[in-house]
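**Student:** In my numbering, the protein residues as written are 433 to 533. Don't be surprised by glycine CBs; every beta carbon is placed ideally from N, CA and C.
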Amino acid sequence: GSLHMGHAFQDTIMDTLIRCQRMRGNNTLWQVGTDHAGIATQMVVERQLAAQDISRHDLGREKFLEKVWQWKAESGGTITRQLRRMGASLDWSRERFTMDE
433 GSLHMGHAFQ DTIMDTLIRC QRMRGNNTLW QVGTDHAGIA TQMVVERQLA AQDISRHDLG
493 REKFLEKVWQ WKAESGGTIT RQLRRMGASL DWSRERFTMD E
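The structure is reproduced here in structure tokens:
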């Protein structure tokens, strides 16, 4: 996926609050985190399958999750790359994904 105006607005507010707290001398952490199969991700993968006349039910849970992982591998870094370009003051060394071990 890509950032939309809602993401940009929300992240700008969070970035401002984090930077303000840092300027006041407070120890802060804004940790990067992405979701594996949120509703938006599920919709994207289901749309891709529908274009092939396949439903997630046709695939079954395990195969559908494989498709989600495949989509994440291909597209998952787009939003984080965009946040980096915006200059968001996230702690990039602690990036996490909901299905990390």
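1. Which residues mark the beginning and the end of the beta strand (DSSP E) in which Q484 is found?
2. Can you tell me where the alpha helix (DSSP H) with G438 in it begins and where it stops?
3. What do you reckon, are the CB atoms on T466 and F529 nearer than 7 Å?
4. What distance in whole Å lies between the Cβ atoms of R526 and Q463, which are believed to be in contact at a cut-off of 8 Å?
5. Would you tell me roughly how many angstroms separate the C-alpha atoms of L497 and T460, rounded to the nearest one?
6. Should L435 and Q514 be called a contact, given that it needs their Cβ atoms to be closer than 7 Å?
7. Provide the residue span of the alpha helix (DSSP H) that contains S507, from first to last.
8. Under 6 Å: does the beta carbon of E506 sit that close to some heavy atom of the ligand ZN?
9. Find out if the Cβ-Cβ distance for the pair R451, S521 is shorter than 7 Å.
**Tutor:** Let's see:
1. Q484 -> no beta strand (DSSP E), and no H or E assigned at all.
2. M437 to M455
3. yes
4. 5 Å
5. It is roughly 35 Å from the alpha-carbon of L497 to the alpha-carbon of T460.
6. yes
7. R493 to S507
8. No copy of the ligand ZN occurs in the structure displayed, which carries no ligand at all.
9. yes
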